[in-house]
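Following: one structure in structure tokens, then a few remarks.
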Amino acid sequence: MTEGSSTIAMRKPCSYSSGSIKHLLNAKLANLYLAVLLVFVSSWADAHDLSSANARFVEGLDGLAVIPYMYLGAKHMMTGYDHLLYLVGVVFFLRRLKDVVLYVSLFTLGHSITLMGGVLLEWHVNASLIDAIIGLSVAYKAFENMNGFKQVFGCVINPKVAVLLFGFFHGLGLATKLQDLSLSADSLVINMLSFNVGVEIGQALGLACIVMILGRWRQCNSFQKQAFVANTVLMSLGFLLAGYQLSAYWWA
Amino acid sequence: MSTKTSQIEVFEASRSRILFGSLLALVLAAAILVAFILPAEFNRDPLGVGGILGISGLSQMATISVETVNKEDTAFHQNSVSFELLPFEFVEYKYALREGSSMVYHWAVTETSNGEARSVSFDFHGESQDTEAQDSEAYVESYSEGEGGRESGTFIAPFEGIHGWFWANHGSKSVTVTLQTAGFYTKSLEFRDGFVKKQIMK
Chain A
1 MTEGSSTIAM
11 RKPCSYSSGS
21 IKHLLNAKLA
31 NLYLAVLLVF
41 VSSWADAHDL
51 SSANARFVEG
61 LDGLAVIPYM
71 YLGAKHMMTG
81 YDHLLYLVGV
91 VFFLRRLKDV
101 VLYVSLFTLG
111 HSITLMGGVL
121 LEWHVNASLI
131 DAIIGLSVAY
141 KAFENMNGFK
151 QVFGCVINPK
161 VAVLLFGFFH
171 GLGLATKLQD
181 LSLSADSLVI
191 NMLSFNVGVE
201 IGQALGLACI
211 VMILGRWRQC
221 NSFQKQAFVA
231 NTVLMSLGFL
241 LAGYQLSAYW
251 WA
Chain B
1001 MSTKTSQIEV
1011 FEASRSRILF
1021 GSLLALVLAA
1031 AILVAFILPA
1041 EFNRDPLGVG
1051 GILGISGLSQ
1061 MATISVETVN
1071 KEDTAFHQNS
1081 VSFELLPFEF
1091 VEYKYALREG
1101 SSMVYHWAVT
1111 ETSNGEARSV
1121 SFDFHGESQD
1131 TEAQDSEAYV
1141 ESYSEGEGGR
1151 ESGTFIAPFE
1161 GIHGWFWANH
1171 GSKSVTVTLQ
1181 TAGFYTKSLE
1191 FRDGFVKKQI
1201 MK
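Line by line, the protein sequences give chains A and B. Mapping of the first sequence onto our numbering: position 103 corresponds to residue 103, and the numbering continues sequentially without gaps. Mapping of the second sequence onto our numbering: position 127 corresponds to residue 1127, and the numbering continues sequentially without gaps.
Below, the structure written as structure tokens:
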């Protein structure tokens, strides 16, 4: 126990004024941002699958539709609790902004490659199976956060490689959602890029929210104790998502 | 423990704690899946919990459709009959239909005055017995009645019996009522001037 114990000793009770978050945004702004975001997300309540009304709307569009596809990409990401849960796992113990940017960039690289590759090469992978793997990626990340690979299996899998690989699977999931919208062949590339940009915007908004909440949580003395439980819950949610999607694959 | 070289701050948890936590996560997820999600979303209820909570088949609502197809095993008939009605004459014409059997009908008065079909008094009704009933359990139900020159529709018999029209000419000139039907009736009956003319449909 070298550095860990000293950080714990230095921790103060919950307070908004300390920690690296201060450098990102001040507390009042952050509160406002969270409130606005919650309103948006709750107003989209049901909407992980791009709803059929959305699908009909974009099907009715001919040619270029940059803003609609961008909006749908952002909406899918912000209401897609599977992607958000995975991001929670990824940034759970990342305290420095530099690391957050690094890991999220790897994730973004991974999912952008397979999103565009999947659409352009017309891979029609099963959406339920991919979503099951995405669920398992959440459980994997939680297990990694528990330091499970080292403690249980005695080996460490490079977390950067893992985040890139799971990024590929998340991208395939995004591709299936975009393919559901039956893109018209003309201006396919531009519309797909718009969707991808939207995905990144949604991811940035969601991630900002996650990083801020985690940042505050880390200021609490209880964080260290709660972290294990939180990752257990995260893992359970991942398994639940995987089980749900596998059931959908077999029986729906 | 977290080190300076690692970008990820991990915490020391014992092997058994990690295994216990992971197992707990798996069991929790499996329990929620089997007890709630499978019955509610996929109409599968291995534990019977969904039935107890009344959530079984919660998402099946959309697949329960209104019956749009009503299959029949009796023969299909198409008929057209006409009745000439002198002033103050009346006629009754009925079909025998089983409960749930259907027919499509259209009747109209052929004669016109000022471009509109002449009116007759009509009463579209059904009787549970096919002859003048002495039985106390016999009953009559009226479906549509009034004055008019035509009517069309689809009819599904609410009970087994004879179902059809009473037409009366209250005008001063004779009229002809023509009835066209298609459906799954087994016989027709014409009641006129105190006699009954039966016809068994082949």
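Where a beta carbon is used, it is the ideal one built from N, C-alpha and C, also for glycine.
Give the straight-line distance between the Cα atoms of residue 1152 of chain B and residue 1196 of chain B, rounded to the nearest whole angstrom.
-> Stepping through the second sequence from its first residue, residue 1152 of chain B is reached at position 152. Stepping through the second sequence from its first residue, residue 1196 of chain B is reached at position 196. Straight-line Cα distance between these residues: approximately 25 Å.
Worksheet item: Any idea what DSSP makes of residue 1129 of chain B, helix, strand or coil?
Response: Here residue 1129 of chain B corresponds to residue number 129 of the second sequence, with the count starting at 1. Correct three-state label for residue 1129 of chain B: coil.
Q: Under the assumption that residue 109 of chain A contacts residue 167 of chain A (Cβ atoms under 8 Å), give the Cβ distance between them as a whole number of angstroms.
A: Looking up residue 109 of chain A in the first sequence gives position 109. Looking up residue 167 of chain A in the first sequence gives position 167. Confirmed, Cβ separation roughly 6 Å.
Rounded separation between residue 1040 of chain B and residue 129 of chain A - CA only:
Your numbering for residue 1040 of chain B matches position 40 in the second sequence. Your numbering for residue 129 of chain A matches position 129 in the first sequence. When rounded, the distance between both Cα atoms is 20 Å.
**Request:** Using three-state DSSP, classify residue 146 of chain A as helix, strand or coil.
**Result:** The residue labelled residue 146 of chain A in the question sits at position 146 within the first sequence. In this structure, residue 146 of chain A counts as coil in the three-state DSSP scheme.
Identity of the residue in A/157, A/116 and A/174 nearest residue 190 of chain A by Cα: Working through the first sequence from its first residue, we reach residue 190 of chain A at position 190. Among A/157, A/116 and A/174, the Cα nearest to that of residue 190 of chain A is on A/116.
What three-state label does DSSP hand residue 77 of chain A in the structure shown? Taking the first sequence and counting its residues from 1, the one referred to as residue 77 of chain A is at position 77. The answer is helix: DSSP assigns residue 77 of chain A an H, G or I state.
Simplified DSSP state of residue 107 of chain A, which is helix, strand or coil
On the first sequence, residue 107 of chain A is found 107 positions in, with the first residue counted as 1. Assigned with DSSP and collapsed to three states, residue 107 of chain A falls in helix.
* N- and C-terminal bounds of the beta strand (DSSP E) containing residue 1084 of chain B -> Sequence index remark: in the second sequence, residue 1084 of chain B carries index 84 (1-based). Segment 1077 to 1085, the beta strand (DSSP E) holding residue 1084 of chain B.
*Count the other C-beta atoms from every protein chain shown that fall within 10 angstroms of the C-beta of residue 111 of chain A, then say buried if there are 16 or more, exposed otherwise.*
As a working note, residue 111 of chain A is residue 111 in the first sequence. Counting Cβ neighbours within 10 Å, residue 111 of chain A comes out buried, since at least 16 surround it.
> Of all the CB atoms in chain A, is at least one closer than 7 Å to the CB of residue 1028 of chain B?
Replying inline: Residue 1028 of chain B sits at position 28 when you count from the first residue of the second sequence. A Cβ of chain A is located within less than 7 Å of the beta carbon of residue 1028 of chain B.
- Chain-ordered residues of the stretch 219 to 233 of chain A with a beta carbon less than 7 Å from chain B: 224, 227, 228 and 232
Would you say residue 69 of chain A reaches chain B, if we count a Cβ-Cβ gap shorter than 7 Å as a contact?
-> Position 69 of the first sequence holds residue 69 of chain A. By this cut-off, residue 69 of chain A is not an interface position.
Buried or exposed: where does residue 159 of chain A fall if 16 or more other Cβ atoms within 10 Å of its Cβ makes it buried?
As a first step, residue 159 of chain A must be located in the first sequence, where it is residue number 159. Buried: at least 16 other Cβ atoms inside 10 Å.
- Taking buried to mean at least 16 other C-beta atoms within 10 Å of its own C-beta, is residue 1163 of chain B buried or exposed? Looking up residue 1163 of chain B in the second sequence gives position 163. Residue 1163 of chain B is buried by the Cβ-count criterion.
From residue 1201 of chain B to residue 1075 of chain B, what does the alpha carbon distance come to, in whole angstroms?
-> The residue given as residue 1201 of chain B occupies position 201 in the second sequence. The residue given as residue 1075 of chain B occupies position 75 in the second sequence. Roughly 9 Å between the two C-alpha positions.
Starting from residue 234 of chain A and walking both ways along the alpha helix (DSSP H), at which residues does that stretch end? Within the first sequence, numbered from 1, the residue matching residue 234 of chain A stands at position 234. Counting along the chain, the alpha helix (DSSP H) containing residue 234 of chain A begins and ends at 223 to 251.
*asked:* Which residues of the stretch 239 to 252 of chain A have a Cβ closer than 7 Å to any Cβ of chain D? Give them in chain order.
replied: The chain inventory of the structure shown lacks chain D, comprising the protein chains A and B.
*Who pairs with residue 1105 of chain B in a beta bridge, going by DSSP?*
Sequence index remark: in the second sequence, residue 1105 of chain B carries index 105 (1-based). Per DSSP, B/1153 and B/1181.
Below-7 Å beta-carbon distance, residue 1015 of chain B vs any chain A residue: Taking the second sequence and counting its residues from 1, one reaches residue 1015 of chain B at position 15. Chain A contact via Cβ: present.
(request) State the DSSP-derived secondary structure class of residue 112 of chain A, mapped to helix, strand or coil. (result) Residue mapping note: residue 112 of chain A aligns to position 112 of the first sequence, counting from 1. Residue 112 of chain A falls in the helix class under three-state DSSP.
Worksheet item: Is the beta carbon of residue 78 of chain A less than 7 Å from the beta carbon of residue 206 of chain A?
Response: In the first sequence, residue 78 of chain A corresponds to position 78, counting from 1. In the first sequence, residue 206 of chain A corresponds to position 206, counting from 1. Result yes, Cβ atoms of residue 78 of chain A and residue 206 of chain A sit closer than 7 Å.
(request) Taking all protein chains shown into account, decide if residue 252 of chain A is buried (16 or more other Cβ within 10 angstroms of its Cβ) or exposed. (result) Taking the first sequence and counting its residues from 1, the one referred to as residue 252 of chain A is at position 252. By the neighbour-count criterion, in which 16 or more other beta carbons inside 10 Å mark a residue as buried, residue 252 of chain A falls on the exposed side.
Review point. Do residue 1199 of chain B and residue 1188 of chain B have their C-beta atoms closer together than 7 Å?
Key: Counted from its first residue, the second sequence places residue 1199 of chain B at position 199. Counted from its first residue, the second sequence places residue 1188 of chain B at position 188. Cβ atoms of residue 1199 of chain B and residue 1188 of chain B: closer than 7 Å.
Note to self: Nearest by alpha-carbon distance to residue 1193 of chain B: which of B/1022, B/1183 and B/1167 is it?
What the structure shows: For the purposes of this step, residue 1193 of chain B is taken as the residue at position 193 of the second sequence. Looking only at B/1022, B/1183 and B/1167, the smallest Cα-Cα distance to residue 1193 of chain B is reached by B/1167.
Burial state of residue 153 of chain A (16 or more Cβ within 10 Å)
The residue you call residue 153 of chain A lines up with position 153 of the first sequence. It counts as exposed.
Identity of the residues DSSP links to residue 1111 of chain B by a beta bridge: Stepping through the second sequence from its first residue, residue 1111 of chain B is reached at position 111. Paired residues: none, contrary to the question.
Close-in-space but distant-in-sequence residues of the same chain around residue 1016 of chain B (CB under 6 Å, 5 per side omitted)
What you label residue 1016 of chain B is simply residue 16 of the second sequence in a count that begins at 1. Excluding residues within five positions, none has a Cβ falling inside 6 Å.
| query | Taking 7 Å as the CB-CB cut-off, is residue 148 of chain A touching chain B? | reply | Within the first sequence, the letter at position 148 stands for residue 148 of chain A. For residue 148 of chain A, the answer is yes, since a Cβ of chain B falls inside 7 Å of its Cβ.
_Cβ of residue 1047 of chain B within 7 Å of any chain A Cβ_ = Within the second sequence, residue 1047 of chain B is the residue found at index 47, counting from 1. So no, residue 1047 of chain B is outside the interface.
Kindly provide the ranges of any alpha helix (DSSP H) runs that are 4 or more residues long and lie completely inside the stretch 124 to 184 of chain A, ordered along the chain. 127 to 145 and 159 to 180
* **Inter-stretch contact at 8 Å, needing at least 3 Cβ pairs: the stretch 128 to 143 of chain A / the stretch 78 to 97 of chain A** => The stretch 128 to 143 of chain A is in contact with the stretch 78 to 97 of chain A.
- Query: Does residue 1018 of chain B come within less than 7 Å of chain A when only Cβ atoms are used?
  - Reply: Walking along the second sequence from the start, residue 1018 of chain B turns up at place 18. Yes, residue 1018 of chain B lies at the interface with chain A (some Cβ there is under 7 Å from its Cβ).
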